[in-house]
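The structure appears below as structure tokens.
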Amino acid sequence: MDWIQILSNTASSIISPATLGYALAALGLAMHFGYTGLINMGIAGFMAVGAYGFAITSLMFAFPWWLAALTGLIASGVFALILGIPTLRLRGDYLAIVTIAAAEVVRLLFLTTAFDDVTGSADGLSGYQGSFQDFNPLDPTKTYGFGPWEYNGTAWWVRIVGIITLAIGVLIVWLLVRSPWGRALRGIREDEDAVRSLGKNVFAYKLQSLVLGGMLAAAGGIIISLERAVSPGVYVTSLTFFIWTALLLGGAATVFGPVLGSLIFWALQTFLSNVLPAMVKAGYLPFMTEIQASTVRYILVGIALMLLVIFMPQGILGNKKELTFVK
Numbered sequence: 003m004d005w006i007q008i009l010s011n012t013a014s015s016i017i018s019p020a021t022l023g024y025a026l027a028a029l030g031l032a033m034h035f036g037y038t039g040l041i042n043m044g045i046a047g048f049m050a051v052g053a054y055g056f057a058i059t060s061l062m063f064a065f066p067w068w069l070a071a072l073t074g075l076i077a078s079g080v081f082a083l084i085l086g087i088p089t090l091r092l093r094g095d096y097l098a099i100v101t102i103a104a105a106e107v108v109r110l111l112f113l114t115t116a117f118d119d120v121t122g123s124a125d126g127l128s129g130y131q132g133s134f135q136d137f138n139p140l141d142p143t144k145t146y147g148f149g150p151w152e153y154n155g156t157a158w159w160v161r162i163v164g165i166i167t168l169a170i171g172v173l174i175v176w177l178l179v180r181s182p183w184g185r186a187l188r189g190i191r192e193d194e195d196a197v198r199s200l201g202k203n204v205f206a207y208k209l210q211s212l213v214l215g216g217m218l219a220a221a222g223g224i225i226i227s228l229e230r231a232v233s234p235g236v237y238v239t240s241l242t243f244f245i246w247t248a249l250l251l252g253g254a255a256t257v258f259g260p261v262l263g264s265l266i267f268w269a270l271q272t273f274l275s276n277v278l279p280a281m282v283k284a285g286y287l288p289f290m291t292e293i294q295a296s297t298v299r300y301i302l303v304g305i306a307l308m309l310l311v312i313f314m315p316q317g318i319l320g321n322k323k324e325l326t327f328v329k
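To get this note's numbering, take the position in the sequence shown, counting from 1, and add 2.
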């Protein structure tokens, strides 16, 4: 096996658009679940709304990339309002069922042929990154970086914008959770009836958290869409589970945990997707094909998620006392 190539690919994934997009989505989920106690199982829906909002406005209305991105964020905020106003009075498992159903409804709307002219249906949308690349200060024909982090100007521009967006998201969440507003969210997570008895509008706080977290997830969807086409096949239920895995791995009630969890998650995904087929090819796993070996990594992710919830629900950076479901 070519270990140098395997390790190089793994290291390269650390700053990939997928890693940065997952980190933003996990940060939004941390706002929902880690700080407010909302079990949102439809985070993929928020990512889809952001990505499609960006792509559709870029193609149909020729919006500049920054305005198209802002439109995607606003669309996700509106989606959060539409979802949250009738459902945020639900608790626990009931909210989880509603959110996962809402995300699936969004995916099917983008998939249906009824809006093929707008969404591209199963084919998705592509060719909308022109305005974004026109703002690229780097030469797309030149290569920058070193070692596994050597990319052309186009790839670096996506990564630079992704890193800046993630840094802004982390700063916003860090400032908010240290404010009285953030402390109110923690109180709602622990005992919303007690917070309500103090005269706080619990529903308003939950709705604000849902909107903010949804917009962060939408930003993650936009970052991922900057490098590849938007397709409804990306925003499936498994994407939500991957975001949850990254969140729980780093720490749900933390600011930097989602970033660390996403980095580790994608590094492991890349490592396994390279090493398992290589082991089959080298004869170490003669009982499966290379395609089967590539699929095994999803089984390992599922097992890892179960083990995390059972043995380390607080995550790497989290505090076990922060999570209500382990009391």
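Backbone N, C-alpha and C fix where the C-beta goes; we use that ideal spot for every residue, glycine too.
CB of residue i within 7 Å of CB of residue j, strictly
i: G252; j: L319; result: yes
i: G129; j: V232; result: no
i: K144; j: G155; result: yes
i: G52; j: A169; result: no
i: G55; j: A77; result: yes
i: I41; j: L97; result: yes
i: G94; j: M217; result: no
i: F267; j: T12; result: no
i: W159; j: L140; result: yes
i: P234; j: R91; result: no
Beta bridge counterpart(s) of residue i as assigned by DSSP
i: W151; result: F148
i: L127; result: V232
heavy atom of the ligand GTP below 6 Å from residue i C-beta
i: V204; result: The ligand GTP is not part of the structure shown, which contains no ligands of any sort.
Cβ-Cβ separation, residue j to residue i (assumed contact under 8 Å), whole Å
i: Y24; j: S240; result: That pair is no contact at about 13 Å.
i: L228; j: V163; result: 7 Å
i: F35; j: A254; result: 6 Å
i: A27; j: G222; result: 4 Å
i: P260; j: L29; result: 5 Å
i: A269; j: P279; result: Rounded, the Cβ-Cβ distance is 17 Å, inconsistent with contact.
i: T101; j: M43; result: 5 Å
i: T291; j: V282; result: 7 Å
i: P19; j: R161; result: 7 Å
i: V257; j: V172; result: 6 Å
i: L22; j: I225; result: 5 Å
i: I301; j: W151; result: 30 Å between Cβ atoms; not a contact.
i: I58; j: V107; result: The Cβ separation is near 18 Å, so there is no contact.
From the options, residue whose alpha carbon lies closest to that of residue i
i: G189; options: T12, I99 and T38; result: T38
i: W5; options: P234, N276 and A104; result: N276
i: A82; options: D95, M49 and M62; result: M49
i: P66; options: A46, R91, Q135 and Y54; result: Q135
i: L187; options: F56, S211 and P88; result: S211
i: I87; options: V204, R180, T272 and R185; result: V204
i: V303; options: N321, F313 and Q271; result: Q271
i: G149; options: A248, M314, A57 and L9; result: L9
i: M308; options: L250, L262, I266 and F267; result: L250
i: S15; options: A157, F63 and R109; result: A157
i: F243; options: V179, V311, D193 and D195; result: V311
i: N209; options: L200, W183, P142 and G147; result: The question names Asn, but residue 209 in the sequence shown is Leu. For L209, the nearest C-alpha among the options comes from W183.
i: V236; options: I17, G74, L61 and A105; result: A105
i: N138; options: G317, W68, N321 and W246; result: W68
Start-to-end residues for the alpha helix (DSSP H) that takes in residue i
i: I293; result: E292 to F313
i: R188; result: P182 to S199
i: G222; result: V204 to S227
i: P2; result: Here the chain has residues from 3 to 329 only, and residue 2 is not among them.
i: N276; result: G259 to K283
i: R93; result: Element bounds for R93: n/a, residue is neither H nor E.
i: A13; result: W5 to S14
i: G341; result: Given that the chain is displayed from residue 3 to residue 329, the structure contains no residue 341 and the question cannot be resolved.
i: F243; result: T239 to G252
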